[in-house]
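Trainee: Next up is a structure, given as structure tokens.
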Amino acid sequence: MIAAPALVVNPTSGKGRGARYGERAERALRAAGITPQRIVGRDAHDAAKQARAALDAGASALVVVGGDGMVHLGLQLVAGTGTPLGVIPAGTGNDVARYVGLPLADPEAAARIVAAGHAATFDLGRVTSADSGEPRWFGTVMACGLDSKVNERANRMRRPRGPSRYTLALLAELGPFRALPLDVTIDATHESVEGMLIAVGNGPSYGGGMRICPQADPRDGRFQVTVVNRVGKATLLRIFPKVFSGRHAEHPAVDIRHGSRIELASTAPEPVSVWADGERVGTLPAVCETVAGALTVFVPARFVPPPQ
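Each residue of the sequence shown is one higher than the last, beginning at 7 in my numbering.
So, in structure tokens, the structure goes:
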């Protein structure tokens with residue numbers, strides 16, 4: 007059993023679900039004999055500052071209540087330290103929670119997994135972009151191109167919830183979007199492409215179960231890189247629905263690569279934004295590296311990795 011974890015709550019996750027799930031998770035932890043230090047920041051920066059102080063003061067673990075954005079915040083604090091991360095899923099996407107086998111709509115069950123203290127290690131990605139200033143850790147997918155534009159728009163949208171928000175954002179962004187000139191280097195092998203998007207997957211999915219990198223395994227020490235080459239809008243609309251099953255990878259316009267170090271650059275006239283775990287992390291050029299075993303996270307005692 008763990009003792010005295012920091013419990014960081016994003017009250018706005020899932021349109022207020024984060025606050026409710028945070029209260030329910032805290033009650034479940036206390037029922038299991040664990041007294042968490044509850045942290046609710048004014049914003050992400052304040053929450054991270056308070057969580058860092060709690061860890062420095064001896065908190066035994068960091069437990070985040072929210073979606074992939076809150077997990078992303080947590081990763082910046084515990085990655086590579088061996089301090090375990092607990093996740094109470096309460097967001098829209100919850101893609102990290104999916105691949106570590108956590109219940110998505112049961113904060114009590116997720117809290118009991120934390121209380122049981124069974125932890126496993128996973129790889130993480132580490133991205134350094136042109137204007138980031140310092141490396142950022144990510145657990146799911148780093149992406150640039152059309153999906154970054156879609157992410158930007160989806161984050162501005164109030165509704166609908168879930169993956170349909172990304173579908174509507176795609177339809178809105180597809181009209182003005184043009185393929186990007188991209189330079190891609192994967193473990194020293196270089197190629198230039200005209201791409202609609204590039205996704206670098208530590209895990210298989212983003213956006214609430216869209217399996218953009220269906221072969222990505224966060225325990226094999228490498229990324230899956232998915233490149234969607236230039237296609238017409240009608241073709242892209244035919245490919246897109248298959249991303250939920252991962253069958254988009256069968257289309258001839260989609261190239262799949264694997265590697266542990268990915269360098270991306272572009273000669274596009276406008277800056278190309280880079281997103282990871284649904285958070286903006288900078289612009290191209292960017293370098294991604296996989297760091298084996300960098301994440302320690304609480305999982306169900308009989309956790310079995312999902313099929314790829």
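Glycine included, C-beta positions come from ideal geometry on N, C-alpha and C.
Taking the alpha-carbon positions, what's the Arg-26 to Glu-285 distance?
Mentor: If you take the alpha carbons of Arg-26 and Glu-285, they lie about 23 Å apart.
Trainee: Apart from the five residues on each side of it in sequence, which residues of its chain come closer than 7 Å, Cβ to Cβ, to Asp-74?
Mentor: Contacts found: Gly-97, Gly-99, Asn-100, Asp-101, Val-102, Thr-146, Asp-283 and Gly-284.
Trainee: Between which two residues does the alpha helix (DSSP H) containing Ala-122 stretch?
Mentor: Residues 113-122.
Trainee: Assuming Ile-204 contacts Val-233 under a Cβ cut-off of 8 Å, what Cβ separation, rounded to an integer in Å, is found between them?
Mentor: Indeed they touch by this definition, with Cβ atoms about 5 Å apart.
Trainee: Out of Val-237, Arg-263, Glu-29 and Arg-171, which one is the CA nearest neighbour of Asp-193?
Mentor: Ranking Val-237, Arg-263, Glu-29 and Arg-171 by Cα distance to Asp-193 puts Arg-263 first.
Trainee: Curious, which full-length beta strand (DSSP E) runs of at least 3 residues does the segment 262-304 contain?
Mentor: If we require 3 residues or more, the beta strand (DSSP E) runs fully inside the segment 262-304 come out as 267-272, 279-282, 285-289 and 292-304.
Trainee: Verify whether the separation of the beta carbon atoms of Pro-113 and Arg-30 is less than 8 Å.
Mentor: The answer is yes: Cβ separation under 8 Å.
Trainee: Rounded to whole angstroms, how far is the Cβ of Ser-154 from the Cβ of Ser-279, which I believe are closer than 8 Å?
Mentor: Right, the Cβ-Cβ distance comes to about 5 Å (below 8 Å), so this counts as a contact.
Trainee: At the level of alpha carbons, what is the spacing between Ala-160 and Ala-111?
Mentor: If I take the Cα positions, the gap works out to 22 Å.
Trainee: Is DSSP giving Phe-250 helix, strand or coil here?
Mentor: Correct three-state label for Phe-250: helix.
Trainee: Helix, strand or coil, according to DSSP, for Glu-200 in the structure here?
Mentor: Note: Glu-200 maps to strand in three-state DSSP.
Trainee: Compute the beta-carbon to beta-carbon distance between Val-14 and Val-70, rounded to the nearest angstrom, for a pair I have assumed lies under 8 Å.
Mentor: Rounded, the Cβ-Cβ distance is 5 Å, consistent with contact.
Trainee: Taking only three categories from DSSP, how would you classify Gly-28?
Mentor: DSSP places Gly-28 in helix when its eight states are reduced to three.
Trainee: Could you work out which residue in Asp-223, Asp-129 and Ala-185 is closest to Arg-236 when comparing CA atoms only?
Mentor: The shortest Cα separation from Arg-236 among Asp-223, Asp-129 and Ala-185 belongs to Ala-185.
Trainee: In angstroms, rounded to a whole number, what distance separates the CA positions of Leu-270 and Gln-230?
Mentor: So the alpha carbons of these two residues sit roughly 14 Å apart.
Trainee: Considering Ile-94, what are the terminal residues of the beta strand (DSSP E) in which it resides?
Mentor: Ile-94 -> beta strand (DSSP E) spans 91-95.
Trainee: Could you check which residue in His-124, Ile-218, Gly-123 and Leu-108 has the C-alpha nearest to that of Pro-247?
Mentor: Comparing Cα-Cα distances from Pro-247 to each of His-124, Ile-218, Gly-123 and Leu-108, the minimum goes to Ile-218.
Trainee: Suppose you measure from the CA of Met-148 to the CA of Ile-40; what does that come to, to the nearest Å?
Mentor: Answer to the nearest angstrom: the Cα atoms are 35 Å apart.
Trainee: I need the straight-line Cα distance from Asn-16 to Leu-176, nearest angstrom please.
Mentor: Distance between the alpha carbons of Asn-16 and Leu-176: 26 Å.
Trainee: From Gly-151 to Ala-37, what distance separates their C-alpha atoms?
Mentor: Rounded to whole angstroms, Gly-151 to Ala-37 spans 46 Å at the Cα level.
Trainee: If you follow the beta strand (DSSP E) that Asp-189 is part of, which residue opens it and which one closes it?
Mentor: Taken as a continuous stretch (DSSP letters only), the beta strand (DSSP E) holding Asp-189 covers 186-192.
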